[in-house]
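Numbering (my numbering), first residue to last: -4 to 108.
Let me begin by presenting the structure, written as structure tokens, before commenting on it.
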Amino acid sequence: MEQHVQQRGILVKPAWKVMRFAPVFELLILSLDLALIFQSFLAFLVATAIFLTVYPLKELRILFFAMGWGIVGCWIGFMFDSTAGMIILSILFFFTSFGVHIFGLEDLLDAEK
């Protein structure tokens, strides 16, 4: 008798599939912040629904989060008392975040089709 052995393959997600969740993760953090500000779980649900469904807010959110990461880069450069570091890290963080968010948004919109 022949025996067929079937091995399970290990699925490794490529980096581009993981990056699609970066905007969603930041969206949940922003919605959670709004819920903590208003001290309401309903605010969390409404903010999440609005941010996920309204397309112009998706584009505005990309710019908002990219500027936020640019500010984080500036703050890190400020911690090291380096003006050049502030400028370089701000630009680097801004464009990296902007690219990840644009790519993630395009990937999410492709998944909806």
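Backbone N, C-alpha and C fix where the C-beta goes; we use that ideal spot for every residue, glycine too.
Close CB contacts of serine 85 within its chain, under the 8 Å cut and outside five residues either way in sequence, are with Gly65, Ile66, Gly68, Cys69 and Gly72 (chain order). Within the same chain, Phe46 come within 6 Å of leucine 22 by CB-CB distance, once the 5 residues on both sides are set aside. Residue burial is scored here from C-beta neighbours: serine 77 has fewer than 16 other C-beta atoms within 10 angstroms and is therefore classed as exposed. C-alpha of valine 19 to C-alpha of isoleucine 57: approximately 11 Å in a straight line. About 25 Å separates the Cβ atoms of phenylalanine 93 and alanine 44, ruling out a contact at the 8 Å cut-off. With fewer than 16 other Cβ atoms inside 10 Å of its own Cβ, valine 49 counts as exposed. For the pair leucine 29 and alanine 38, the CB atoms are nearer than the 7 Å cut-off. Of the other Cβ atoms in all chains shown, fewer than 16 fall within 10 Å of the Cβ of alanine 79; this residue is therefore exposed. Distance from the CA atom of isoleucine 97 to the CA atom of isoleucine 83, rounded to whole angstroms, is 21 Å. For valine 49, no alpha helix (DSSP H) encloses it, and the DSSP letter there is neither H nor E.
With fewer than 16 other Cβ atoms from the protein chains shown falling within 10 Å of its own Cβ, phenylalanine 36 counts as exposed.
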